[in-house]
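Residue numbers (the working numbering): 4 to 421. Here a beta-carbon is modelled for each residue, glycine too, at the ideal position from N, C-alpha and C. None of the values given here were measured: they were computed from a predicted structure.
Here's what the structure looks like:
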């Protein structure tokens, strides 16, 4: 009897969730020039609005991961996707900067649990040899969603106004939540479509372990892990750089490189498309390297270090070239390198966190997104006083720092035994 492939359908649903997370968070970046004009927001005000999402996102990572570990990914993801979809649409109701900050913060609270809980949702379904690729393809899905968003938002804005984009993406999230609750189950044994061959394959690959339905998260062991704190600091550097591009690149193209709104919608998508390729390749190469060499530590380190150094080297010519189109192509190369590291980083949380991957990845993502939260506001002040070049030079420095930190990350150092 051949094993069924229900685990791959679940992976596909998870990829779709990642796409929606980035569609919902990138839509405001694409709409920012129009929103700024309508409400007369200056750069600093818009910077704090963009940061407000990331503060909510950073503060609620650990509660979100805990929720997934406690009640199971089926219910947890259904609840939080419904929450953030409502607040995505509610962005249209904002009437000034304060109300928009509040709505975007609450949107971030909802999205905070997405990646930790999604990581937890795969921990009892995917084989260890599939983890790097799975983390790569899920994050590739998020970047693909982000890449499509500027183009879609411009189309919707020019025809129906900027509010139509937020309403459309909010409805999409509600539809996904309904499908997830209907199809997903917290363990393979609970799913009626899993045949005995697939169930046996999964159980053997995980050492015969079963998910526990009731447990307390071993926070003492998790927070005592030196590897986890090194991973978290590395992810702080990554998230700072990511926010530079996700939140401000469309505005940079429109204001500094003088692309029209239509051109901005096209060129702002290009780096995210390059990042999609980086996400797919990073996790896949790391898995193949690990399988063929038997050296998981080196397989995770090698891909991530190369990616960060490639990003650091590419950001600088992208910043200082006088040709606007060349700037976009260098940025594509930089974003490709940056995203090579993502599948590897999240695979490490599965490697060291096992059945508590939700909580482990939540710590990493929480620390990382503190970097993402301070990035938009800092960039606004830097641009105001020093121009657009300085923020990108600083981002290049953060990439070098992340590469150095990854030399100290050992994916074989499990936090605790199964």
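49 is the residue among 194, 127, 49 whose C-alpha sits nearest the C-alpha of residue 386.
By the CB criterion at 8 angstroms, residue 300 and residue 414 fall inside the cutoff. Counting only runs of 4+ residues, the alpha helix (DSSP H) found wholly inside the stretch 21-65 occupies 46-62, in chain order. Boundaries of the alpha helix (DSSP H) harbouring residue 232: 229-254, taken from the DSSP string. Secondary structure of residue 9 (DSSP, three-state): helix. The beta-carbon distance between residue 417 and residue 373, rounded to whole angstroms, is 26 angstroms. This is too long to meet the 8 angstroms contact definition. Secondary structure of residue 167 (DSSP, three-state): helix. In this structure residue 368 is buried. Its beta-carbon is surrounded by 16 or more other beta-carbon atoms within 10 angstroms. Uninterrupted alpha helix (DSSP H) stretches at least 4 residues long and entirely within the stretch 292-334 occur at 299-323, given in chain order.
DSSP places residue 268 in the uninterrupted alpha helix (DSSP H) bounded by 264-270. In this structure the stretch 336-349 touches the stretch 303-312; the number of beta carbon pairs closer than 8 angstroms is three or more. For the pair residue 107 and residue 94, the CB atoms are nearer than the 8 angstroms cut-off. Take residue 255, set aside five residues on each side of it, and the residues of its chain with a beta-carbon closer than 8 angstroms to its own are 391, in chain order. Secondary structure at residue 187: coil, using DSSP grouped into helix, strand and coil. Close CB contacts of residue 147 within its chain, under the 7 angstroms cut and outside five residues either way in sequence, are with 22, 279 (chain order). With a 10 Å radius around the Cβ and a threshold of 16 neighbouring Cβ atoms, residue 219 comes out exposed. The beta carbon of residue 35 is closer than 7 angstroms to those of 49, 253, 254 in its chain, skipping five residues each way along the sequence. In this chain, residue 192 is not harboured by any alpha helix (DSSP H), its DSSP state being neither H nor E. Within its own chain, the residues whose Cβ lies closer than 6 angstroms to the Cβ of residue 25, once the five positions on either side in sequence are excluded, are 145, 148, 149, listed in chain order.
Looking only at 297, 227, 179, 163, the smallest Cα-Cα distance to residue 88 is reached by 179.
Residue 189 places its beta carbon less than 8 angstroms from that of residue 75.
Assigned with DSSP and collapsed to three states, residue 157 falls in helix.
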